[in-house]
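> Residue numbers (our numbering): 1 to 313.
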Amino acid sequence: MNVQTLLQSPPTVNYLNEINDTTSPVAIALPSFSVIEVAGEEAESFLQNLLTNDIRTLTANTAQLSGFCNPKGRLLSLFYVIKREQDFLLVLAADLAESIAQRLNMFKLRSKVDITVSPELKVMGYLSQAPLTNQATDFWSGVSLNRELTIYLPGHLHRYLVISAGETTIKEESQVGAENLWASADIEAGLPMVYLQSKEQFTPQQLNLDIVGGVSFKKGCYPGQEVVARLHYLGKPSRRLFLAQLKTVDIPEQNFEVADESGEVAGHVVRAAMLDSGTLICQLSLKLAAKDKKLFINNNELSGLTALVEDEE
1 MNVQTLLQSP
11 PTVNYLNEIN
21 DTTSPVAIAL
31 PSFSVIEVAG
41 EEAESFLQNL
51 LTNDIRTLTA
61 NTAQLSGFCN
71 PKGRLLSLFY
81 VIKREQDFLL
91 VLAADLAESI
101 AQRLNMFKLR
111 SKVDITVSPE
121 LKVMGYLSQA
131 PLTNQATDFW
141 SGVSLNRELT
151 IYLPGHLHRY
161 LVISAGETTI
171 KEESQVGAEN
181 LWASADIEAG
191 LPMVYLQSKE
201 QFTPQQLNLD
211 IVGGVSFKKG
221 CYPGQEVVAR
231 LHYLGKPSRR
241 LFLAQLKTVD
251 IPEQNFEVAD
261 ESGEVAGHVV
271 RAAMLDSGTL
281 ICQLSLKLAA
291 KDKKLFINNN
301 ELSGLTALVE
311 DEE
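(1) Among N255, L305, S277 and D276, which residue has its Cα nearest to the Cα of L75?
(2) Where Q201 and G40 are concerned, what is the direct C-alpha to C-alpha distance, given to the nearest angstrom?
(3) Would you decide whether G278 is buried or exposed? Buried here means 16 or more other CB atoms lie within 10 Å of its CB.
(4) Would you check if the distance between the CB atom of P223 and the CB atom of L104 is smaller than 8 Å?
(5) With E98 as the anchor, note down where its alpha helix (DSSP H) starts and where it stops.
(6) Just the Cα atoms here: how many angstroms apart are V115 and G190?
(7) Using CA coordinates, which residue listed in K122, L109 and T12 is at the minimum distance from E37?
(8) Since I believe S24 is in contact with S174 (beta carbons under 8 Å), could you give me their beta-carbon distance rounded to a whole number of angstroms?
(9) Give the list of continuous alpha helix (DSSP H) stretches no shorter than 4 residues that lie fully inside the segment 15-83.
(10) For the segment 133-151 against the segment 179-187, do three or more pairs of beta-carbon atoms, one drawn from each stretch, fall closer than 8 Å, so that the two count as touching?
(11) Look up E301 in the DSSP assignment and say whether it is helix, strand or coil.
(12) Buried or exposed, going by whether 16 or more other CB atoms sit within 10 Å of the CB of G67?
(13) What residue range does the beta strand (DSSP E) around I151 cover?
(14) Can you tell which of A290, K291 and I297 has its C-alpha closest to the C-alpha of I281?
(15) Is A266 near L308, with beta carbons less than 8 Å apart?
(16) Buried or exposed for T59, please, with buried defined as at least 16 other CB atoms from any protein chain shown within 10 angstroms of its CB.
(17) So, with DSSP's three-state summary, where would you put R159?
(18) Whose C-beta lies closer than 6 Å to the C-beta of A178 among residues of the same chain, with five residues either side of it excluded?
(19) Under the DSSP definition of a beta bridge, which residues are partnered with L127?
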């Protein structure tokens, strides 16, 4: 089975709790992600001047989470930035790929760099109870073999993000998983993502990028850097990332409003996925002042609200 076949295969594993019943890895096609290739002799300095994280800390076959902000410090996109031997890959939400590639090209000027949304590279993942053999054991590091690059990501399960040319043979012992599995594992791991509907909605701190290693406060300037740094050094965020559960089968869209019991806006949905057949797991950017109130999404009350950072009040 290759990646294209995986896209067309009906999933046999739909929810995270089902992985506890299998010793086989679960292979998941991830069509909601796309890959931008950034190549050229000035690719590293180009990205270093634009993204929130320190690109120069990357070595071959390693990755990091990094943001791309507008001048007001609001996130246009989030990337898994992966360094290969000769270029960089930016893994991002597919619905943003073309517009973000165009935006990056606006900064190109005379830089010796090429920026393209790759029509060839596909994204898939593995979830497993046990580590996969011959793979990296340090988070954000990877292994490159036969036109396939595999990055080991943080999470409660063993998680491997795979970038391939679509010709990869899926491990024979693997079961097929729904993309919902990957989203719910991402949410549990505290890794956010920005989509078209949440573009320019959040600052890095509102998505905990400063907590999960997605922002460097020691590197040089980038768009929005003054706003992000001012909040870090002179203030504190009024919003942070939270997890919660919701009894419903209707998945709210990204940036959907979270309301308190008086109807006031308390925050927004970052992403949500099915935890089991009747329960959602939600990643929320909430006002800290609202965290002890009853909170609702579309009139359904949230439960199990959990902060992903220690209390800052």
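Note that beta-carbon positions come from the ideal geometry of N, C-alpha and C, so glycine has one too.
Looking at the coordinates:
(1) Here residue 75 refers to the residue found at position 75 of the sequence shown. When only C-alpha atoms are compared, the closest one is N255.
(2) Reading the sequence shown from its first residue, position 201 is the one you call residue 201. Reading the sequence shown from its first residue, position 40 is the one you call residue 40. Their backbone Cα atoms lie some 32 Å apart in a straight line.
(3) For the purposes of this step, residue 278 is taken as the residue at position 278 of the sequence shown. Result: exposed.
(4) Here residue 223 refers to the residue found at position 223 of the sequence shown. Here residue 104 refers to the residue found at position 104 of the sequence shown. No, these two residues do not count as a Cβ contact at 8 Å.
(5) Taking the sequence shown and counting its residues from 1, the one referred to as residue 98 is at position 98. Here the alpha helix (DSSP H) through E98 covers A97 to M106.
(6) On the sequence shown, residue 115 is found 115 positions in, with the first residue counted as 1. On the sequence shown, residue 190 is found 190 positions in, with the first residue counted as 1. The question names Val, but residue 115 is Ile in the sequence shown. Taking the straight line from one Cα to the other gives about 29 Å.
(7) The residue labelled residue 37 in the question sits at position 37 within the sequence shown. Measuring from the Cα of E37, the nearest candidate turns out to be K122.
(8) Position 174 of the sequence shown, counting from 1, holds the residue named residue 174. Position 24 of the sequence shown, counting from 1, holds the residue named residue 24. The pair is a contact, with the Cβ atoms about 6 Å apart (cut-off 8 Å).
(9) 16-19 and 43-48
(10) no
(11) Here residue 301 refers to the residue found at position 301 of the sequence shown. It is a strand residue.
(12) In the sequence shown, the residue the question calls residue 67 occupies position 67. Classification for G67: buried.
(13) Within the sequence shown, numbered from 1, the residue matching residue 151 stands at position 151. It spans E148 to L153 - the beta strand (DSSP E) in which I151 sits, taken as one unbroken run.
(14) Within the sequence shown, residue 281 is the residue found at index 281, counting from 1. If we check each option's Cα against that of I281, I297 comes out closest.
(15) In the sequence shown, counting from the first residue as 1, residue 266 sits at position 266. In the sequence shown, counting from the first residue as 1, residue 308 sits at position 308. No, the pair does not count as a contact, with Cβ atoms beyond the cut-off.
(16) Residue 59 sits at position 59 when you count from the first residue of the sequence shown. Looking at its Cβ environment, which holds fewer than 16 other Cβ atoms inside 10 Å, T59 is exposed.
(17) The residue you call residue 159 lines up with position 159 of the sequence shown. Strand.
(18) Locating residue 178 in the sequence shown gives position 178, counting from the first residue. So the list reads P11 and N14, once near-sequence residues are dropped.
(19) Walking along the sequence shown from the start, residue 127 turns up at place 127. DSSP lists V26 and R159 as partners of L127.
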